[in-house]
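Numbering (this note's numbering), first residue to last: 50 to 309.
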């Protein structure tokens, strides 16, 4: 799997958010407006409908990490959408509120038993003793980790967040025996995508996940499971959307308490 797939919506969103009247904006807007039929779109249709050139489409795809438009098309599958939204059953406001309220209560209780105080203390200690710290995650997950990173800046602890393929390649070359590597992959999809890269890296390797398939743990020194259950039981994606924020709040507050 091309790990660029896991952050594709973020990148397209950033291009649209910029609002620049250029070829990249026109292409991104057309793709997002027709995302339900993207596999049927031809390059000629994109040229005619977005008023861009063939070379603009080629440059756009390369910027996103794909050789051509066909590669980008094949990557836009349900897996890129956050929070298991493609698996969810949508309900009325009242029912959805009740489902979320009960689900969040159960999720927090689950995390509290799966990730003990001792586990949090071990993570905090590991963060303290390592100078070179790298967190690897998909682009979608990194949005949850930015707040954690910035809170640690408050106590002068520097960590790096790596999400892109070219950053991974550079990090792999620069890692050493004293590097702390933390892969955050709630569903396990990202950790599978970077498995070979992580194997080649030097340092203390940790995985934070809710996927309990044993094959995921083979490249790591420590594995922290966010839940007592497998990710497949999290039907509406609460762990990836809310659980990760709760867990990293626990870690950051514990670190600041210990070392501020």
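Idealized CB from N, CA, C, for every residue including glycine.
Three-state secondary structure (DSSP) at residue i?
i: residue 184; result: strand
i: residue 208; result: coil
i: residue 127; result: Since pLDDT at residue 127 reaches only 48, below the 50 mark, its modelled position is unreliable, and the value read off the structure follows with that caveat. Correct three-state label for residue 127: helix.
Beta-carbon within less than 7 Å of residue i's beta-carbon, same chain only, minus the 5 sequence neighbours each way: which residues are those?
i: residue 164; result: 273, 275 and 296
i: residue 79; result: 95, 98 and 99
i: residue 240; result: 232, 234, 256, 258 and 265
i: residue 301; result: 197, 200 and 201
By the DSSP assignment, the alpha helix (DSSP H) with residue i in it spans what residues?
i: residue 157; result: 142-163
i: residue 170; result: 166-178
i: residue 62; result: 57-67
i: residue 139; result: Premise fails: residue 139 is in no alpha helix (DSSP H) and is neither H nor E.
i: residue 301; result: 293-308
To which residues of the same chain is residue i closer than 6 Å at the C-beta, ignoring the five residues directly before and after it?
i: residue 67; result: none
i: residue 253; result: 229 and 270
i: residue 140; result: none
Tell me which same chain residues have a C-beta within less than 8 Å of the C-beta of residue i, skipping the five on either side of it?
i: residue 204; result: 304, 305, 308 and 309
Q. Which parts of the segment 230-289 are runs of the alpha helix (DSSP H), unbroken and 4 residues or longer, counting only runs that do not cross its ends?
A. Fully enclosed alpha helix (DSSP H) runs of 4 or longer: 238-242 and 244-249.
Q: Check whether the segment 292-309 touches the segment 198-205, taking contact to mean three or more Cβ pairs, one atom from each stretch, closer than 8 Å.
A: yes
Q.
For the segment 186-194 against the segment 247-254, do three or more pairs of beta-carbon atoms, one drawn from each stretch, fall closer than 8 Å, so that the two count as touching?
A. no
**Q.** Runs of alpha helix (DSSP H) wholly within the segment 75-121 (minimum 4 residues, chain order)
**A.** Those alpha helix (DSSP H) runs which fall completely within the segment 75-121 and span 4+ residues are 92-99 and 103-112.
Q. How do the segment 282-300 and the segment 225-237 stand: do at least 3 beta-carbon pairs fall below 8 Å, yes or no?
A. yes
Q: Please determine if the segment 108-127 and the segment 73-87 are in contact, where contact requires at least 3 C-beta pairs separated by less than 8 Å.
A: yes
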